[in-house]
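To keep things clear, I will list the structure first and then write my remarks on it.
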Amino acid sequence: MNLVQALGEQLGKDKVFVGEEILAKYLSDASLLPPTVPVALVRPTSTSDVSATLRLCNAERWPIVIQGGLTGLVGGAHPRCDEIAIAMDRMSKIEEIDIVNRTMTVQAGATLEQVQRAAAQAGLFYGVDLGARGTCTIGGNVATNAGGVQVLRYGMTRQQVAGIEAVLADGTIVNSMSKVLKNNTGYDWPQLVTGSEGTLAVITRVCLRLMPTPKPVLAALCAAGSVENALVVCRRLQETFDGNLVTYEGMWRSYMEAGEHWGLLTAPFGSAPTVTLLIEAALGLDGDARALFESTLFEMLEEGLLHDALIAQSEADRRRFWQYREANYEYYRHAPKEFHYDVGIPLDRLATYVETIEASASRTLPQGRLIVYGHLGDGNLHIAAYPADPAQDIAPFEMALYSAVQDCGGSISAEHGIGIKKIDQLAYSRSAAELALMRAIKHAIDPYDILNRGRVLTANA
Ligand SMILES: Cc1cc2nc3c(=O)[nH]c(=O)nc-3n(C[C@H](O)[C@H](O)[C@H](O)COP(=O)(O)OP(=O)(O)OC[C@H]3O[C@@H](n4cnc5c(N)ncnc54)[C@H](O)[C@@H]3O)c2cc1C
C-alpha cells in the first residue's frame with residue numbers, strides 16, 4: 002500500500018485529497034511563488050490525526066509542508082510537488098477562555114481575528130494585530146513569531162505564548178499547555194517552537210496570554226523632517242504616554258510619492274515630508290486624554306521635531322489614516338516586478354541604513370524605484386525595490402542591502418521569517434556557530450528532515 006492510500010485508510014478518505022480534489026487556495030501562499038500541486042493534501046480535524054499523519058510520513062521519510070492561513074510572504078507554507086501538505090484549517094476551535102488566569106486555549110487553525118473577537122467578547126484583549134488578521138492562523142503566527150502594528154506596546158507573538166501542544170516528526174504529541182506565568186522547569190519548548198517556521202513540530206493547540214482591555218486609541222498622522230527627529234518623538238511619546246504608545250508606523254517620502262504616482266493615495270501634507278508618521282496611543286477618548294495627546298504633539302511642533310500633524314476626530318478619520326499605511330498592499334500590482342525586504346535595524350543606525358541603501362539603489366537600479374516604510378518604532382523596515390527593467394539583475398542591490406544589515410548588527414528578517422525565499426541570506430544575520438546549533442537541534446528532533454524541508458535551513462543540513 003502506498004503512503005497516500007495508507008493516510009486515507011488511517012484518517013478517512015474525507016481528510017486526504019489528491020490532484021484536482023485539492024482546491025487552488027492550497028497550491029500557493031502569499032509569497033507569489035507559482036502554484037504547485039503537492040502529492041496529497043491532508044486536512045486533519047484532531048491532534049491524533051496530525052500524529053498519525055506524521056508517524057506514517059516519518060516511517061517513509063516523506064517530506065511534509067505545514068499550511069496555516071497561507072499569508073506568509075517567504076514561501077514557508079508554499080507546497081512542493083514532492084511533498085504532502087498538512088492544512089490546519091479544520092482545527093479552528095476556541096476551546097476555552099480562562100478569566101482567572103487570563104488565557105485562551107485555541108486550536109492552531111483559528112484565525113487571528115477569531116481570537117481577537119473571542120477575547121473582546123470575554124472583556125479581554127489579545128495583543129497582536131496585523132493586516133492579514135482575517136486569514137492568518139494562530140499556528141502560523143506562532144510558527145513565524147508574527148509581529149505587526151502593536152509590538153511597541155505588547156511585544157511579538159512570542160510574548161503572548163503561554164503554552165503549546167505540538168506533534169513531533171515521529172508522531173509524538175508533546176503537551177506543554179501550562180497556564181502559569183512563572184515556570185522555570187528546564188528548557189522552554191514552547192518558546193523554541195515559536196518562530197521555528199514549522200521545522201521542529203506541527204503546532205496543534207496554543208495557550209495564549211490575554212490582557213485587560215486597553216483604553217480606546219487616539220490617532221494622528223504627523224510629518225517629521227528627519228528620521229532622527231522621528232525617533233526623538235517616539236521616545237518622548239512613550240515616556241509621556243506612560244507606555245501606552247501602541248503604534249508608531251513610518252512612511253518615507255519615497256513611499257508616499259510612489260502611492261501618489263500610482264494613484265493609490267493623495268499625500269496628506271502637500272509635498273511629502275522625509276517621514277510621515279502614523280501614531281496611535283491607548284489613552285481613552287475623554288477630554289483629558291485628548292488634551293494630553295494634542296498638547297504633546299503641539300509641543301513637538303513648536304520645538305520643530307514635527308512639521309505638521311493631523312489628529313483624528315473620529316473613527317472614520319482613524320480608518321482614513323490607516324489607508325495610507327495599508328496602501329502598500331496594492332503597490333505590487335502597479336509595477337512589473339517587486340522585490341520585498343523586511344529588515345530589523347538598531348534604532349541608532351536607522352537613518353544611516355536608509356541613506357546607504359538609497360545610495361546603493363541609485364547606483365545598482367538606475368531609473369528604478371525604492372520605497373521604505375514599516376514599523377518605525379520597532380526598527381522594522383519594509384523595503385520594496387522596483388527595477389525599471391524587470392529583467393534586471395537584483396543581486397548587486399540585494400548584496401548591498403544585506404551587507405548593510407550585517408554591518409549594523411541588524412536582522413535580515415524582522416518578522417516575515419526565512420522560509421524558502423531568504424534561506425541563502427541567513428548567514429548575514431546568524432554566525433556559523435549559531436547555524437551549527439540550529440542544525441543540531443533540527444537533526445535531534447527531526448532526524449529525517451521531513452518537517453518543512455528546505456525552509457529556514459538548507460535541505461539535509
Ligand atoms: C496583508 C498582509 C499583511 C501582513 N502583515 C504582517 C505583519 O504586520 N507582521 C508579520 O509578522 N507578518 C505579516 N504578514 C505575514 C503573515 O501574515 C504572517 O507571517 C503570519 O503569521 C502567517 O500566518 P499563516 O497562518 O498565514 O501562516 P502560513 O503562511 O500558512 O505559514 C507560515 C509558516 O508557518 C508554518 N506554519 C503554519 N501553521 C503552522 C502550524 N500549525 N504548526 C507549525 N508550523 C506552521 C508554515 O509551514 C510556514 O512556514 C502579512 C501578510 C499579509 C498577506
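Going by our numbering, the sequence shown opens with residue 2, and the numbers climb by one from there. Note that beta-carbon positions come from the ideal geometry of N, C-alpha and C, so glycine has one too. These numbers come from a predicted model, not from an experiment.
Just to confirm the assignment, what range does the beta strand (DSSP E) spanning residue i have?
{"i": "Gly-305", "result": "No beta strand (DSSP E) holds Gly-305; DSSP gives it neither H nor E."}
{"i": "His-376", "result": "370-376"}
{"i": "His-341", "result": "340-345"}
{"i": "Glu-356", "result": "Element bounds for Glu-356: not the beta strand (DSSP E) but the alpha helix (DSSP H), 351-365."}
{"i": "Glu-281", "result": "276-282"}
{"i": "Val-43", "result": "41-43"}
For ligand 1, any of its heavy atoms closer than 7 angstroms to the Cβ of residue i?
{"i": "Thr-248", "result": "no"}
{"i": "Thr-145", "result": "yes"}
{"i": "Tyr-330", "result": "yes"}
{"i": "Ile-65", "result": "no"}
{"i": "Leu-33", "result": "no"}
{"i": "Glu-339", "result": "no"}
{"i": "Met-89", "result": "yes"}
{"i": "Thr-48", "result": "no"}
{"i": "Asn-142", "result": "yes"}
{"i": "Thr-459", "result": "no"}
{"i": "His-417", "result": "yes"}
{"i": "Asp-318", "result": "no"}
{"i": "Ala-133", "result": "yes"}
{"i": "Leu-72", "result": "In the sequence as displayed, the identity of residue 72 is Thr instead of Leu. Yes."}
{"i": "Thr-136", "result": "yes"}
{"i": "Gly-69", "result": "yes"}
{"i": "Gly-345", "result": "no"}
{"i": "Gly-196", "result": "no"}
{"i": "Ile-165", "result": "no"}
{"i": "Arg-456", "result": "yes"}
{"i": "Ala-170", "result": "no"}
{"i": "Ile-174", "result": "no"}
For residue i, which of the options has the nearest alpha-carbon?
{"i": "Val-406", "options": "Ile-442, Leu-348, Leu-458 and Ile-446", "result": "Leu-348"}
{"i": "Ala-415", "options": "Gly-260, Ala-147, Asp-394 and Ala-133", "result": "Ala-147"}
{"i": "Thr-37", "options": "Leu-28, Ile-358, Ile-100 and Asp-50", "result": "Leu-28"}
{"i": "Tyr-374", "options": "Thr-357, Ala-336, Gly-418 and Ala-328", "result": "Ala-328"}
{"i": "Leu-211", "options": "Glu-261, Ile-451, Thr-158 and Val-228", "result": "Thr-158"}
{"i": "His-417", "options": "Gly-410, Asp-408, Cys-409 and Leu-427", "result": "Leu-427"}
{"i": "Val-234", "options": "Val-276, Met-178, Leu-209 and Lys-94", "result": "Val-276"}
{"i": "Ala-202", "options": "Pro-191, Cys-208 and Leu-209", "result": "Pro-191"}
{"i": "Arg-454", "options": "Ile-358, Ile-424 and Val-129", "result": "Ile-424"}
{"i": "Gly-164", "options": "Tyr-155, Val-152, Lys-183 and Pro-274", "result": "Lys-183"}
{"i": "Val-129", "options": "Cys-409, Gln-151 and Gly-140", "result": "Gln-151"}
{"i": "Arg-62", "options": "Ser-361, Glu-84 and Val-43", "result": "Glu-84"}
{"i": "Thr-48", "options": "Val-175, Ala-336, Arg-81 and Cys-82", "result": "Val-175"}
{"i": "Glu-304", "options": "Asn-3, Ala-231 and Arg-456", "result": "Ala-231"}
With H, G and I counted as helix, E and B as strand and the rest as coil, what does DSSP make of residue i?
{"i": "Cys-208", "result": "strand"}
{"i": "Gln-68", "result": "strand"}
{"i": "Val-228", "result": "helix"}
{"i": "Gly-110", "result": "coil"}
{"i": "Gly-9", "result": "helix"}
{"i": "Glu-416", "result": "coil"}
{"i": "Phe-299", "result": "helix"}
{"i": "His-262", "result": "helix"}
{"i": "Ile-100", "result": "coil"}
{"i": "Trp-253", "result": "strand"}
{"i": "Ser-49", "result": "helix"}
{"i": "Ile-442", "result": "helix"}
{"i": "Ala-462", "result": "Caution is warranted here: a pLDDT of 45 is assigned to Ala-462, below 50, making its placement in the model unreliable, and no coordinate value can be reported."}
{"i": "Ile-87", "result": "strand"}
{"i": "Asn-185", "result": "coil"}
{"i": "Thr-173", "result": "coil"}
{"i": "Val-19", "result": "coil"}
{"i": "Leu-436", "result": "helix"}
{"i": "Ile-424", "result": "helix"}
{"i": "Ala-292", "result": "helix"}
{"i": "Leu-1", "result": "Because the chain is modelled from 2 through 462, residue 1 falls outside the range shown and cannot be assessed."}
{"i": "Leu-57", "result": "helix"}
{"i": "Cys-223", "result": "strand"}
{"i": "Leu-348", "result": "helix"}
{"i": "Val-116", "result": "helix"}
Residue i lies in the alpha helix (DSSP H); which residues open and close that run?
{"i": "His-383", "result": "That residue, His-383, is in no alpha helix (DSSP H); its beta strand (DSSP E) goes 381-387."}
{"i": "Gly-141", "result": "139-145"}
{"i": "Ala-163", "result": "Not the alpha helix (DSSP H): Ala-163 falls in the beta strand (DSSP E), residues 162-168."}
{"i": "Leu-193", "result": "190-194"}
{"i": "Gln-407", "result": "396-408"}
{"i": "Glu-331", "result": "329-332"}
{"i": "Gln-155", "result": "As written in the sequence, residue 155 is Tyr, which differs from the Gln given in the question. That run of the alpha helix (DSSP H) goes 152-155."}
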